[in-house]
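Colleague: Mind looking over this structure? Questions follow.
Numbering (our numbering), first residue to last: 907 to 979.
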């Protein structure tokens with residue numbers, strides 16, 4: 907598995923766990939691309955995977971946020 911592929915999945919899995927545990931809650935903004943210390947393409951793939959899972963939504967010019975209904979209470 908190429909490094910970039912593994913990295914985007916690792917980021918998506920970490921954020922998924924943060925959402926499921928309640929560390930990130932509905933409408934929390936996800937960390938910026940720079941905070942992940944990887945390429946924009948890698949973060950975009952991770953965020954795309956999270957979006958496909960229904961865990962996040964994006965706002966043009968604002969960022970990516972946690973969707974409602976996925977965090978533990």
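Even for Gly, the Cβ is constructed at its ideal location relative to N, Cα and C. Being a predicted model, the structure only gives us computed values, none of them experimental.
Express the C-alpha separation of residue 974 and residue 931 in angstroms, rounding to a whole number.
Modeller: Numbered from 1 along the chain shown, position 25 holds the residue referred to as residue 931. Numbered from 1 along the chain shown, position 68 holds the residue referred to as residue 974. Using only the alpha carbons, I get a separation of about 8 angstroms.
Colleague: Roughly how many whole angstroms lie between the Cα atoms of residue 913 and residue 956?
Modeller: Position 7 of the chain shown, counted from the start, is the residue given in the question as residue 913. Position 50 of the chain shown, counted from the start, is the residue given in the question as residue 956. Cα-Cα distance, rounded: 14 angstroms.
Colleague: For residue 946, count the other beta carbons within 10 Å of its own beta carbon; 16 or more makes it buried, fewer makes it exposed. Which is it?
Modeller: One-based indexing of the chain shown puts residue 946 at position 40. That one is exposed.
Colleague: Considering only residues of the same chain and omitting the five flanking positions on each side of residue 964, which have a CB-CB separation below 8 angstroms?
Modeller: Working through the chain shown from its first residue, we reach residue 964 at position 58. Excluding sequence neighbours, residue 964 sits near 953, 957, 970, 971.
Colleague: Strictly by DSSP, which residues pair up with residue 963?
Modeller: Within the chain shown, numbered from 1, the residue matching residue 963 stands at position 57. Per DSSP, 971.
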